[in-house]
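1 is the number of the first residue of the sequence shown in full-length UniProt numbering; add one for each residue after it. Heads up: the structure comes next, in structure tokens.
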Amino acid sequence: MEENQVALGEDTDVVVGLDIGTTKVVAVVGCRDKKSGKIRILGYGRTESVGVVRGAVINLEKTAQAIHVAVEEASANSEIDIKEVYVGIAGQHIRSYPSETSYVREDRERVFTRQEIEDLKRQMSCSKVMAGERIIHVIPQTFEVDGVADILEDDVVGMVGANVKVSFNIVTADAGAMRNIQRSVEMAGLELRGFILEPLVSAEAVLDENDKAAGVVLVDIGGGTTDVAIFKNSILCHTAVIPLAGNAITSDIRVGCNILPRQAESLKVKFGSALPSENSDEQIVSIPGLKGRPAKEISLKQLAGIIGARVEEIFGSVACEINNCECDLDRFIGGVVLTGGGAKLRHIDKVCEYLTQLNTRLGVPKEHITSDSPKELGDPVFATAIGLVIYGIRCEEENKRFHVALDDLREDEGPIQEIEERREPVHEAPSMEPGEGTEDLDAGSKRKGRRWKGFTVGNLTNYIVRFFEDDDDVR
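Dropping the structure here:
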């Protein structure tokens with residue numbers, strides 16, 4: 001088969017999104033369909049992930065092998081010679097700092113341009129952060145111009161004024177985690193185009209502008225973590241990483257039923273439910289015993305009880321993150337949108353509705369891709385990978401990056417000049433152990449830092465767990 005030698009960044013804007021998850025690695029190739037404006041998926045590849053724990057690359061060689069398999073499959077299906085990839089990043093190491101920046105423009109009659117805002121973002125990306133961290137996103141929240149407050153990024157373009165105050169959220173990731181991803185990608189023979197925060201790209205795949213404007217909570221349930229992204233008035237105002245997801249449910253089933261991990265996974269996928277009341281003690285599943293041992297019988301109600309307890313814990317944490325927004329629930333007209341492989345669990349939406357008091361629906365990445373794209377990509381397990389393609393294409397088309405590649409970060413560059421800065425960590429979870437104190441974002445200050453489960457990020461107005469089944473394990 002003759003390959004199309006298409007390099008990313010050319011007029012074709014062919015982009016590859018690489019989702020390196022805890023349970024799967026997915027590579028998706030796509031481009032913009034000029035007629036419909038949607039994304040045409042040219043091909044994809046998917047394989048099991050064995051070197052990643054809760055979103056963090058632990059074994060570089062195994063991860064590189066999985067990346068190679070997924071990318072080779074995507075390359076064969078799309079007939080594209082893949083050289084570069086956009087990679088999603090998430091995990092408990094993600095942190096976010098709120099920031100306020102003030103400055104005076106020399107010519108108050110000069111119109112704000114998009115380039116001026118992009119220059120400001122680049123300057124802010126040189127801010128000092130804690131040791132061992134790297135900035136991956138600089139996301140404007142609101143602007144204040146000559147006393148007029150709460151102006152969005154899109155609205156400030158075209159205005160005039162002198163005294164400017166901008167609130168940002170600066171999102172950072174652990175440098176070691178980023179290096180492990182980059183090295184794994186390079187070991188697979190690829191070039192890393194850039195890192196993008198996974199909650200951002202998942203939202204791109206399953207939400208539209210009406211959802212974001214109405215107020216919506218996105219919950220992406222993966223294998224190792226559950227990502228939460230909350231939008232109000234088209235602004236991404238909060239996001240969090242919960243270190244519980246599909247693998248935790250499988251582990252509970254394995255321990256509670258005293259069965260093998262693959263049997264627990266198969267049991268969850270085929271018969272799992274998040275509501276014990278929807279099942280009966282008389283409904284029995286037989287699990288084959290090992291090497292002639294008697295089969296184990298488990299009632300579906302017992303199974304649902306095990307699953308439901310963990311699901312309640314996950315959505316209890318989601319409800320806490322919603323409360324952190326300090327916003328009335330009636331402002332979330334869009335309710336909760338569930339995506340990711342874990343969102344396919346039966347009755348999980350009902351548990352979410354009960355604990356969050358918000359209407360809940362399943363989000364699938366169909367709306368933004370063309371109808372001739374592979375049908376199986378409508379599965380929520382592909383939301384992150386497809387979102388990476390959508391986001392990457394927009395970056396290529398607009399010739400700008402809302403991410404910072406590892407090689408572009410410089411520790412020795414100080415904060416921008418003639419700008420007053422004030423930054424503090426958003427919140428700290430008391431259950432996490434403190435890290436070593438390093439440089440604060442305020443120049444010259446020192447303080448103790450903490451790793452923490454949740455984090456808050458700013459707005460971006462513009463933009464699986466693979467369940468392996470074995471029929472012999474459960475019948």
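In this text, a Cβ means the ideal position worked out from N, Cα and C, and glycines have one as well. Because the structure is a prediction, the values reported are computed rather than measured.
Ignore the nearest five residues each way along the sequence and tell me which others in Lys400's own chain have a CB closer than 7 angstroms to its CB. Residue 400 sits at position 400 when you count from the first residue of the sequence shown. Residue confidence is low: Lys400 scores 45 on pLDDT, short of 50, so the model does not pin down where it sits. No coordinate-derived value is stated.
Just to confirm my understanding: we take Glu413, look at its own chain, exclude 5 residues before and 5 after, and list those with CB closer than 7 angstroms. What are they? Locating residue 413 in the sequence shown gives position 413, counting from the first residue. Since pLDDT at Glu413 reaches only 39, below the 50 mark, its modelled position is unreliable, and the value read off the structure follows with that caveat. Same-chain partners within the cutoff: Cys126.
If Val389 and Val69 are in contact, beta carbons under 8 angstroms, what's the gap, nearest whole angstrom? As a first step, residue 389 is located in the sequence shown; it is residue number 389 there, counting from the start. As a first step, residue 69 is located in the sequence shown; it is residue number 69 there, counting from the start. So it is not a contact: roughly 19 angstroms between Cβ atoms.
In this structure, how does DSSP classify Pro140 when only helix, strand and coil are distinguished? Working through the sequence shown from its first residue, we reach residue 140 at position 140. Strand.
Cβ of Lys165 within 9 angstroms of Cβ of Glu109? In the sequence shown, the residue the question calls residue 165 occupies position 165. In the sequence shown, the residue the question calls residue 109 occupies position 109. No.
Would Thr384 pass as a contact of Val26 if the rule is Cβ separation under 9 angstroms? As a working mapping, residue 384 is identified with position 384 in the sequence shown. As a working mapping, residue 26 is identified with position 26 in the sequence shown. Cβ atoms of Thr384 and Val26: closer than 9 angstroms.
Looking only at its own chain, which residues have a Cβ that is under 7 angstroms from the Cβ of Glu353, when we skip the five neighbours before and after it? One-based indexing of the sequence shown puts residue 353 at position 353. Result list for Glu353: Asn359 and Thr360, in chain order.
Considering only DSSP beta bridges, list what Phe231 is partnered with. For the purposes of this step, residue 231 is taken as the residue at position 231 of the sequence shown. Checking the DSSP bridge columns, you'll see Phe231 partnered with Val216 and Leu236.
Excluding five sequence neighbours on each side, which residues of the same chain lie with their C-beta closer than 8 angstroms to the C-beta of Ser202? Taking the first residue of the sequence shown as 1, we reach residue 202 at position 202. So the qualifying residues of the chain are Leu218, Asp220, Asp227, Ala229, Thr339, Gly340, Ala383, Thr384 and Gly387.
According to DSSP, is Leu290 part of a helix, a strand, or is it coil? Stepping through the sequence shown from its first residue, residue 290 is reached at position 290. Correct three-state label for Leu290: helix.
Since Ile322 contacts Thr356 with CB under 8 angstroms, what's their CB separation in whole angstroms? Residue mapping note: residue 322 aligns to position 322 of the sequence shown, counting from 1. Residue mapping note: residue 356 aligns to position 356 of the sequence shown, counting from 1. Indeed they touch by this definition, with Cβ atoms about 6 angstroms apart.
Taking one C-beta from the segment 252-266 and one from the segment 233-242 each time, how about it: are there three or more such pairs within less than 8 angstroms? When C-beta atoms of the segment 252-266 are compared with those of the segment 233-242, fewer than three pairs fall below 8 angstroms, so the two segments do not count as touching.
For His403, three-class secondary structure by DSSP: Numbered from 1 along the sequence shown, position 403 holds the residue referred to as residue 403. Note that His403 has pLDDT 41, beneath the 50 cutoff, so the model's placement of it is unreliable and the number below is only indicative. Three-state DSSP puts His403 in coil, outside helix and strand.
Tell me which same chain residues have a C-beta within less than 7 angstroms of the C-beta of Ser312, skipping the five on either side of it? As a position in the sequence shown, residue 312 is number 312, starting the count at 1. Per the sequence shown, residue 312 should be read as Glu rather than Ser. Cβ contact annotation for Glu312 (same chain, cutoff 7 angstroms, sequence separation greater than five): Val351 and Leu355, in chain order.
Cβ-heavy atom distance between Pro98 and the ligand MN below 8 angstroms? The model depicted lacks the ligand MN and carries no ligand whatsoever.
Tell me which residues share the same chain as Ala205 and place their Cβ nearer than 6 angstroms to its Cβ, disregarding the 5 neighbours each side in the sequence. On the sequence shown, position 205 is the one that residue 205 refers to. Sequence-distant partners of Ala205 (beyond 5 residues in either direction) whose C-beta falls short of 6 angstroms from its own C-beta, in its chain, are Pro365, Ala383, Ile386 and Gly387.
Touch check for the segment 176-194 and the segment 87-107: three-plus C-beta pairs under 8 angstroms? yes
Burial state of Ser49 (16 or more Cβ within 10 Å): Against the sequence shown, residue 49 aligns to sequence position 49. Looking at its Cβ environment, which holds 16 or more other Cβ atoms inside 10 Å, Ser49 is buried.
When you compare each of Lys24, Leu60 and Met159 to Asp107 by their alpha carbons, which one comes out closest? Working through the sequence shown from its first residue, we reach residue 107 at position 107. For the residues Lys24, Leu60 and Met159, the minimum Cα distance to Asp107 belongs to Met159.
Who does Asn324 pair with in a DSSP beta bridge? The residue labelled residue 324 in the question sits at position 324 within the sequence shown. In the DSSP output, where bridge partners are listed per residue, Asn324 has none listed.
Please specify which runs of the beta strand (DSSP E), each continuous and at least 3 residues long, are wholly inside the segment 19-86, giving them in chain order. Counting only runs of 3 or more, we get 24-32 and 39-48.
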